[in-house]
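The listed protein sequences derive, respectively, from chains U and X.
If you count the first sequence from 1, position 51 lands on 51 in the UniProt record's numbering, and the numbers rise without skipping.
If you count the second sequence from 1, position 36 lands on 36 in the UniProt record's numbering, and the numbers rise without skipping.
By construction, the Cβ of each residue, glycine as well, lies at the ideal position given by its N, Cα and C atoms.
Number of protein chains: 2
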Amino acid sequence: MGRVVVDVMPKPEILDPQGKAVAGALPRLGFTGFLSVRQGKRFELEVDGDVTPEVLAAAREAAERVLSNPIIEDVVSVVDAASLDTVASA
Amino acid sequence: MGRVVVDVMPKPEILDPQGKAVAGALPRLGFTGFLSVRQGKRFELEVDGDVTPEVLAAAREAAERVLSNPIIEDVVSVVDAASLDTVASA
Numbered sequence: 001m002g003r004v005v006v007d008v009m010p011k012p013e014i015l016d017p018q019g020k021a022v023a024g025a026l027p028r029l030g031f032t033g034f035l036s037v038r039q040g041k042r043f044e045l046e047v048d049g050d051v052t053p054e055v056l057a058a059a060r061e062a063a064e065r066v067l068s069n070p071i072i073e074d075v076v077s078v079v080d081a082a083s084l085d086t087v088a089s090a
Numbered sequence: 001m002g003r004v005v006v007d008v009m010p011k012p013e014i015l016d017p018q019g020k021a022v023a024g025a026l027p028r029l030g031f032t033g034f035l036s037v038r039q040g041k042r043f044e045l046e047v048d049g050d051v052t053p054e055v056l057a058a059a060r061e062a063a064e065r066v067l068s069n070p071i072i073e074d075v076v077s078v079v080d081a082a083s084l085d086t087v088a089s090a
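Structure follows, in structure tokens:
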């Protein structure tokens with residue numbers, strides 16, 4: 001069973017009040033050195049079988065039409081979760 | 001200027017109504033083949049300077065103490081955004 005990870009972020013020119021709130025909270029809690037924070041969404045789509053190029057293409061279309069609002073958000077990546085595991089554990 | 005990406009997902013045993021809603025909407029909109037959807041959060045933290053191991057450690061602590069609720073969420077990855085660019089464009 002495969003898994004596709006879709007990342008959606010607010011467009012750079014869009015105000016991100018959630019991110020701003022986090023950025024304001026971090027120094028108050030002792031975490032300095034972070035200049036700004038943006039908050040977006042991460043989806044994990046489980047598919048029956050392998051993550052083929054066709055599955056990725058369908059996931060990308062779903063990401064653009066259902067998982068994100070193209071007026072205010074960008075789909076920043078649509079990848080096979082298996083390709084991320086090596087990165088995350090590095 | 002570096003960027004750290006933090007991914008937070010609902011724990012597997014926690015009900016995820018947003019993900020369920022998306023999973024229900026996909027087939028109605030013609031996207032079949034997705035068995036389930038989980039929705040989490042993705043944060044981008046901008047730092048002044050390079051993403052050193054110390055910056056990553058601070059980001060991981062911030063992720064666990066501020067960006068996620070450890071009762072219901074897991075921090076699934078804390079990585080240098082530069083390490084992701086090669087994956088996302090692959």
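Buried versus exposed call for residue i [16 or more other C-beta atoms within 10 Å across all chains shown]
i	result
Pro12(X)	exposed
Arg38(X)	buried
Glu54(X)	exposed
Ala59(X)	buried
Asp48(U)	exposed
Ala63(X)	buried
Three-state secondary structure (DSSP) of residue i
i	result
Pro10(X)	strand
Gly40(U)	strand
Val22(U)	helix
Ala90(X)	Interpretation of Ala90(X) is limited by its pLDDT of 44, a score under 50 that renders its predicted location unreliable; no figure is taken from the coordinates.
Leu29(U)	coil
Glu73(U)	strand
Val66(X)	helix
Within-8 Å CB hit, residue i to chain X
i	result
Ala57(U)	no
Val22(U)	yes
residue 111(U)	The requested residue 111(U) is not part of the displayed model; chain U covers only 1 to 90.
Arg60(U)	no
Ala25(U)	yes
Leu15(U)	no
Of the listed residues the options, nearest to residue i (C-alpha basis)
i	options	result
Phe43(U)	Ile71(X), Ser36(X) and Leu45(X)	Ser36(X)
Met9(U)	Val22(U), Lys41(U) and Ala21(U)	Lys41(U)
Beta carbon proximity, residue i to chain U, threshold 8 Å
i	result
Asp74(X)	no
Requested in this report: Report the residues of the segment 42-55 of chain U with a CB closer than 8 Å to any CB of chain X, ordered along the chain.
Outcome: Arg42, Phe43, Glu44, Leu45, Glu46, Val47, Asp48 and Val55
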